[in-house]
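**Student:** Take a look at the following structure, please.
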Amino acid sequence: VKKRAVFGMVFLFAGIMSALAQQDGDQRKRESKMLADNVFHLSEVMLHDVANPPAASRFYAYCTLGAYEVARCSGSKLPDLDGRFNVNPGIKAPPVPKKFNLAFSANYALLEVGRQIMPSGYMLEEKQKELVDAFKASGVLSERNLNKNIRYAQELARQVLAYAKTDGYGKLSTYKRYTPQKDEGHWYPTPPEFFPPVEPKWETIRPFFLESADQFQPVRPTPFSKDTTSSFYGAMMEVYNVVNNLTAEQKEIASFWDCNPFAVTYSGHMAIGLKKISPGGHWMGITGIVCQDAGIPLDSAIFAHALVAVTLHDAFISCWQEKYHSDRIRPETAINKMVDPKWRPILQTPPFPEYTSGHSVASASAASALTRLFGDHFRYTDTSELYFGLPERKYNSFFEASGEAAISRLYGGIHYRDACEEGVRQGRDVGAWVLKKVFGPDAKGD
Numbered sequence: 014v015k016k017r018a019v020f021g022m023v024f025l026f027a028g029i030m031s032a033l034a035q036q037d038g039d040q041r042k043r044e045s046k047m048l049a050d051n052v053f054h055l056s057e058v059m060l061h062d063v064a065n066p067p068a069a070s071r072f073y074a075y076c077t078l079g080a081y082e083v084a085r086c087s088g089s090k091l092p093d094l095d096g097r098f099n100v101n102p103g104i105k106a107p108p109v110p111k112k113f114n115l116a117f118s119a120n121y122a123l124l125e126v127g128r129q130i131m132p133s134g135y136m137l138e139e140k141q142k143e144l145v146d147a148f149k150a151s152g153v154l155s156e157r158n159l160n161k162n163i164r165y166a167q168e169l170a171r172q173v174l175a176y177a178k179t180d181g182y183g184k185l186s187t188y189k190r191y192t193p194q195k196d197e198g199h200w201y202p203t204p205p206e207f208f209p210p211v212e213p214k215w216e217t218i219r220p221f222f223l224e225s226a227d228q229f230q231p232v233r234p235t236p237f238s239k240d241t242t243s244s245f246y247g248a249m250m251e252v253y254n255v256v257n258n259l260t261a262e263q264k265e266i267a268s269f270w271d272c273n274p275f276a277v278t279y280s281g282h283m284a285i286g287l288k289k290i291s292p293g294g295h296w297m298g299i300t301g302i303v304c305q306d307a308g309i310p311l312d313s314a315i316f317a318h319a320l321v322a323v324t325l326h327d328a329f330i331s332c333w334q335e336k337y338h339s340d341r342i343r344p345e346t347a348i349n350k351m352v353d354p355k356w357r358p359i360l361q362t363p364p365f366p367e368y369t370s371g372h373s374v375a376s377a378s379a380a381s382a383l384t385r386l387f388g389d390h391f392r393y394t395d396t397s398e399l400y401f402g403l404p405e406r407k408y409n410s411f412f413e414a415s416g417e418a419a420i421s422r423l424y425g426g427i428h429y430r431d432a433c434e435e436g437v438r439q440g441r442d443v444g445a446w447v448l449k450k451v452f453g454p455d456a457k458g459d
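Here the numbering used here = 1-based position in the sequence shown + 13.
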């Protein structure tokens with residue numbers, strides 16, 4: 014009888030522990046989902062503003078830093094980003110409220126930075142109100158304690174915003190206007206809208222970790238040539254032939270990774286923006302998905318979002334420096350001039366020089382960060398494009414996904430192969446550098 018009683022107690026205890034573990038896991042996923050949802054609300058504002066890819070990466074970086082500082086200053090044992098940055102933001106931790114709630118304060122700070130740093134950030138005021146109302150209704154925090162948590166989040170957001178103001182963004186409009194070169198082989202605006210070049214002076218933005226914008230300058234691109242036996246002509250014809258003979262799967266891949274905020278379609282004479290997420294926004298979406306899948310604690314999810322965001326930020330600085338340094342002609346322009354004046358890629362050519370591929374650089378850098386956090390073979394289903402009417406896709410690793418993102422630019426007809434392949438190398442170099450700075454010399458992202 015005593016043995017049965019003991020065994021009964023053991024099984025009861027095991028059952029209680031299992032239920033508590035399940036409860037804890039469910040809470041982690043709920044908290045990670047809340048964070049991912051609010052990061053997507055940032056993306057919605059960027060869609061409204063048609064934020065370009067480099068600018069979007071900056072917004073994600075500082076917004077997620079707002080959440081990160083809340084976690085770090087409230088006692089979470091996270092890797093130190095501030096002390097690893099080239100310029101330490103010098104964040105002074107305010108007193109932590111006695112009734113502190115990380116989920117509330119971190120999300121509020123994320124939205125607060127977004128509200129003030131983005132052109133249409135006012136749209137996030139409604140999301141902040143919804144956050145307050147949800148916590149008020151749950152009874153987790155009294156109104157008095159909610160207000161204390163709000164003030165705590167606002168103070169850290171204020172300091173992050175002060176840091177952001179010193180990164181050179183405010184000076185971009187003071188530089189001499191970029192004029193496209195008319196020499197053969199150089200970039201020139203493309204149809205249908207012939208948009209002006211995007212962020213030609215982005216190399217002047219302060220990086221978080223890179224020693225200089227050209228620290229990881231890739232090998233020189235294949236030089237332009239009209240000679241039909243030249244390497245360039247061969248690369249151009251590869252784009253032409255690949256696009257003209259795409260499989261259904263290749264078309265789906267190109268569409269899934271399009272991520273062009275500037276894409277437009279026409280109804281009669283009216284141009285209609287298609288409102289697509291940026292490459293950085295796609296990878297921030299992936300980060301939210303895998304944080305939920307992994308069931309990691311909220312502070313770890315906050316760190317993951319911040320690490321991916323600052324890595325993307327520096328990747329775009331590196332990539333944009335090269336784009337305007339090499340100033341290479343897009344396939345569409347070259348093919349129209351030398352092969353077929355009526356040819357069009359299946360994706361719209363974005364308004365900036367070709368080499369290297371921005372999506373290749375950004376994706377490889379983000380994959381490096383996520384691989385460091387979640388491992389080499391983390392399987393996940395990417396649902397980040399469902400909102401835009403595209404199907405989900407499954408991946409066995411982050412580098413499998415980033416490799417697909419890179420080659421999608423060839424399928425789409427907007428990049429030559431070398432821009433994709435060298436972009437991957439450049440992105441991996443940036444990612445490895447960031448990880449080395451954050452985690453030490455033995456850190457690896459692949």
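C-beta atoms are modelled at their ideal positions from N, C-alpha and C, and glycine is treated no differently.
Name, in chain order, the residues that DSSP records as bridge partners for His199.
**Tutor:** By 1-based counting over the sequence shown, the position of residue 199 is 186. Answer is Arg341, bridged to His199.
**Student:** What first and last residue would you give for the beta strand (DSSP E) that runs through Thr394?
**Tutor:** As a working mapping, residue 394 is identified with position 381 in the sequence shown. Thr394 -> beta strand (DSSP E) spans Tyr393 to Asp395.
**Student:** To test your reading of the DSSP string, which unbroken alpha helix (DSSP H) runs of 4 or more residues are found completely within the segment 285-326?
**Tutor:** 292-307
**Student:** Whole angstroms is fine: what's the gap from Met47's alpha carbon to Lys161's?
**Tutor:** Counted from its first residue, the sequence shown places residue 47 at position 34. Counted from its first residue, the sequence shown places residue 161 at position 148. Roughly 20 angstroms between the two C-alpha positions.
**Student:** Looking at the structure shown, is Tyr182 part of a helix, part of a strand, or coil, going by DSSP?
**Tutor:** Position 169 of the sequence shown, counted from the first residue, corresponds to residue 182. Looking at Tyr182 - three-state DSSP - the assignment turns out to be helix.
**Student:** Tell me where the beta strand (DSSP E) around Lys407 begins and ends.
**Tutor:** In the sequence shown, residue 407 corresponds to position 394, counting from 1. It spans Arg406 to Tyr408 - the beta strand (DSSP E) in which Lys407 sits, taken as one unbroken run.
**Student:** Excluding five sequence neighbours on each side, which residues of the same chain lie with their C-beta closer than 7 angstroms to the C-beta of Tyr182?
**Tutor:** Taking the first residue of the sequence shown as position 1, residue 182 is located at position 169. Arg71 and Ile218, listed in sequence order.
**Student:** Are at least three pairs of beta-carbons, each pair with one atom in the segment 292-304 and one in the segment 361-378, less than 8 angstroms apart?
**Tutor:** yes
**Student:** So Ser370 and Gly436 are supposed to be a Cβ contact under 8 angstroms. How far apart are they, rounded?
**Tutor:** As a position in the sequence shown, residue 370 is number 357, starting the count at 1. As a position in the sequence shown, residue 436 is number 423, starting the count at 1. At roughly 4 angstroms, the Cβ-Cβ gap stays under 8 angstroms, so Ser370 and Gly436 are in contact.
**Student:** Tell me the DSSP secondary structure of Tyr246 in three-state form.
**Tutor:** Walking along the sequence shown from the start, residue 246 turns up at place 233. Tyr246: helix per DSSP, three-state reduction.
**Student:** May I ask you to verify whether the segment 323-336 touches the segment 175-191, counting CB pairs closer than 8 angstroms and requiring at least 3?
**Tutor:** no
**Student:** In three-state DSSP terms, what is Arg171?
**Tutor:** By one-based count along the sequence shown, residue 171 stands at place 158. Here Arg171 sits in helix by DSSP.
**Student:** Return the CA-CA distance between Val252 and Leu448, expressed in angstroms with no decimal places.
**Tutor:** To locate residue 252, count along the sequence shown from 1; it is residue 239. To locate residue 448, count along the sequence shown from 1; it is residue 435. Each residue's alpha carbon lies about 34 angstroms from the other.
**Student:** Are Pro344 and Gly425 closer than 7 angstroms when you measure CB to CB?
**Tutor:** Taking the first residue of the sequence shown as 1, we reach residue 344 at position 331. Taking the first residue of the sequence shown as 1, we reach residue 425 at position 412. The answer is no: Cβ separation not under 7 angstroms.
**Student:** CB-CB under 6 angstroms to Asp455, same chain, minus the five flanking residues each way: which ones, in chain order?
**Tutor:** The sequence position of residue 455 within the sequence shown is 442, counting from 1. Taken in chain order, the list of residues that qualify is empty.
**Student:** Applying the 10 Å Cβ sphere with the 16-neighbour rule, what's the burial state of Gly152?
**Tutor:** Translated into the one-based positions of the sequence shown, residue 152 becomes position 139. Exposed.
**Student:** If you measure from the beta carbon of Gln334 to each beta carbon in chain C, is any gap under 7 angstroms?
**Tutor:** In the displayed structure, chain C is absent; only one protein chain is listed.
**Student:** Would you grab the beta carbon distance between Ala419 and Pro234 for me? Rounded to a whole angstrom, and I think it's under 8 angstroms.
**Tutor:** Within the sequence shown, the letter at position 406 stands for residue 419. Within the sequence shown, the letter at position 221 stands for residue 234. Actually they do not touch by this definition, with Cβ atoms about 15 angstroms apart.
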